[in-house]
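Structure, as structure tokens:
Protein chains in written order, with our numbering: chain S, 2 to 243; chain A, 2 to 243.
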């Protein structure tokens, strides 16, 4: 058993005595790379059932079995906060997904705007990034990562009760613009593309009653920095950092 | 002239009519990569004299001359905020320097802690990262990046009036722990290594009257995420984001 330090995301139900079949990549990682053998213990989570200690019951070259022994942490769900962002260069898009997972976003939605080219977004890779970020940071929750959706389409069906923090060149800072106290209810943060929103997108957003405009200071921030800064301020003021 | 979009950091004085001699890398970038010729205009800044429009007066293969035409933006100095961080993997250290520049830190100090191996830190590269970040984000200020210094040595000579925001597992969140209102005075943010501070380092820090302890929420954040989150909260509450 030792001090089970390896954390693995598995897409299977977890519970007392539950058997987990490993796929080839997982078996390779645990048994070839990390050189674990039968009887070794690791930590597993699936984003739904908290974190469990699981013991290696079978170790093969391309497969293996774990058995869930005991829950080590309950599921820690983030607040009901979505992050909407216009995909940018690959490394920075990966970064946004990693940071949103760490900082506690519940759902991540890449949006296609007038000035975004999101042709080459690999959403499967982004999903893997989210579960890897949770693996490495001790998280038990993995945010849902949606397929890319055109901004106009997303906003046309926008839930009436979900507010949107739109970080633009507004006069008020985020800390001042966010409502004070009480349960925050459902929210989303919207980060635009590096080229900015088109005029018609701006008109559409400004007309939505759910939208709260605010500024992230006097400097120009890259989109990835803006995403981290906005998530941080939201969590500190309305989320679970208080 | 057109719409001078290229921004270049130059380490020379800027002022009306000032001639700027370009080095080989700058000449290559402007004349070979960007294909500018004599008469073209770019924007230059040196971190001290604001931003200037400069016109190409000579364009050679390995050298060239610019002439400062007019100031386009004054120097925008950040608040008196230092960032102290324990260097981590190269990509994430680069990232911390880039983000600290964007978010408005005045000085960046890599510190060697008990659990940091900072042997391979290339401070010259970090300095280049800071000026590149300012180039790309429209900044006119470039934070000073110090050589790596042992934490104990830095703290032994610490200025009595400079407070330190130490982000650890404290009960209070940063937004609550920071003092309210008034001029902030000199501050520093301290981000520990991924392995945490040693017990003696923790004792030393906790005993310093300048130290303000606070938490960055219930999740474990990577050091680079913690740096961005702490800079953001400090700027929103005490800095120039208000």
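In this text, a Cβ means the ideal position worked out from N, Cα and C, and glycines have one as well.
Please tell me whether residue 242 of chain S has its Cβ less than 8 Å away from any Cβ of chain A.
yes
### Query
Between residue 49 of chain A and residue 108 of chain A, what straight-line distance do the alpha-carbon atoms span, to the nearest angstrom?
For residue 49 of chain A and residue 108 of chain A, the distance between alpha carbons rounds to 14 Å.
Output needed in chain order: residues of the stretch 100 to 117 of chain A with a Cβ under 8 Å from some Cβ in chain S. 100, 103, 104 and 105
* To do: Along the beta strand (DSSP E) that carries residue 93 of chain A, what are the first and last residues, could you check?
  => Counting along the chain, residue 93 of chain A falls outside any beta strand (DSSP E), though it belongs to the alpha helix (DSSP H) covering 91 to 104.
Q. Which residues, in chain order, does the stretch 135 to 146 of chain S contribute to contact with chain A at a C-beta distance below 7 Å?
A. 138, 139 and 140
**Asked** Count the other CB atoms within 10 Å of the CB of residue 159 of chain S; is the residue buried (16 or more) or exposed (fewer)?
**Response** exposed
Near residue 56 of chain S, which residues of its chain fall below 6 Å by C-beta distance, leaving aside the five closest residues on each side in sequence? A distance below 6 Å between beta-carbons, with the five flanking residues on each side excluded, links residue 56 of chain S to the following residues of its chain, in chain order: 42, 68 and 70.
For this session: At 7 Å on the CB atoms, spell out the chain A contacts of residue 174 of chain S, in chain order.
Result: 237, 242 and 243
Self-check item: For residue 143 of chain S, three-class secondary structure by DSSP
Solution: coil
Note down, in chain order, each residue of its chain lying with its Cβ closer than 8 Å to the Cβ of residue 207 of chain S, except the 5 sequence neighbours on either side. 214
Q) Which residues, in order along the stretch 149 to 179 of chain A, keep a beta-carbon less than 9 Å from a beta-carbon of chain S? A) 174, 175, 176 and 177
Any idea if residue 172 of chain A is buried or exposed, counting beta-carbon neighbours within 10 angstroms, 16 or more meaning buried? exposed
Segment limits, beta strand (DSSP E) that includes residue 184 of chain A
First-last for residue 184 of chain A: undefined, no H or E at that position.
*Determine the direct distance from the alpha carbon of residue 18 of chain A to that of residue 222 of chain A, and round the result to whole angstroms.*
Pairing residue 222 of chain A with residue 18 of chain A, the inter-Cα distance amounts to about 49 Å.
Compare the C-beta of residue 223 of chain A against all C-beta atoms of chain S and say whether one is closer than 8 Å.
-> yes
- State the Cα-Cα distance for the pair residue 189 of chain S and residue 58 of chain S, rounded to the nearest angstrom. 43 Å
Taking the Cβ atom as the reference point for each residue, do residue 237 of chain S and residue 234 of chain A lie within a distance shorter than 8 Å?
yes
| message | Considering only DSSP beta bridges, list what residue 78 of chain S is partnered with. | response | Residue 78 of chain S pairs with nothing; no bridge assigned.
> By Cβ distance below 8 Å, which residues in the same chain neighbour residue 104 of chain S in space, the five residues on each side in sequence not counted?
Replying inline: 229, 232, 233 and 236
query: DSSP puts residue 158 of chain S in a beta bridge; with which residues?
result: Note: residue 158 of chain S sits in no beta bridge, so no partner.
(request) Can you grab the Cα-Cα spacing for the pair residue 84 of chain A / residue 110 of chain A, in whole Å? (result) Using only the alpha carbons, I get a separation of about 6 Å.
Please check the pair residue 74 of chain A and residue 102 of chain A, which I expect to be a contact at CB under 8 Å, by giving their CB distance rounded to whole angstroms. Not quite, the Cβ-Cβ distance comes to about 16 Å (not below 8 Å), so this is no contact.
Below 8 Å CB to CB, which residues in the same chain sit around residue 35 of chain S once its five sequence neighbours on both sides are set aside? So the list reads 7, once near-sequence residues are dropped.
**Asked** CB residue 23 of chain A to CB residue 64 of chain A, shorter than 8 Å?
**Response** yes
- Query: Can you name the residues of chain A whose CB is closer than 8 Å to the CB of residue 206 of chain S?
  - Reply: What residue 206 of chain S touches in chain A: nothing, since even the nearest Cβ is about 21 Å away.
Check whether residue 225 of chain A and residue 93 of chain A have beta carbons under 8 Å apart: yes
Review point. Hey, how far is the Cα of residue 76 of chain S from the Cα of residue 15 of chain S?
Key: 11 Å
Q | is_contact[residue 127 of chain S, chain A] using C-beta, thresh 8 Å | A | no
For chain S, is any of its Cβ atoms less than 8 Å away from the one on residue 75 of chain A? no
Open item on the list: Is there a C-beta anywhere in chain A that falls below 8 Å from the one on residue 220 of chain S?
Closed with: yes
query: Counting only runs that start and end within the stretch 185 to 220 of chain S, where is the alpha helix (DSSP H) found for 4 or more residues in a row?
result: 200 to 208
**Report entry** Host alpha helix (DSSP H) of residue 28 of chain S (start-end)
**Finding:** Judged by DSSP secondary structure, residue 28 of chain S falls within the alpha helix (DSSP H) whose first and last residues are 25 to 28.
Item to check | Close Cβ partners of residue 148 of chain S (< 7 Å) along its chain, the five nearest in sequence each way excluded | outcome: 124
- Item | Contact set between residue 229 of chain A and chain S, taken where Cβ atoms lie within less than 9 Å | Within chain S, the residues near residue 229 of chain A are 100, 226, 229, 230 and 233.
Item to complete: Would you kindly work out how many angstroms separate the C-alpha atoms of residue 3 of chain A and residue 241 of chain A, rounded to a whole number?
Response: Any reading at residue 3 of chain A needs caution, since the residue's pLDDT is 46, under 50, leaving its predicted position unreliable; the model's value is listed next. Going by the C-alpha atoms only, they are around 33 Å apart.
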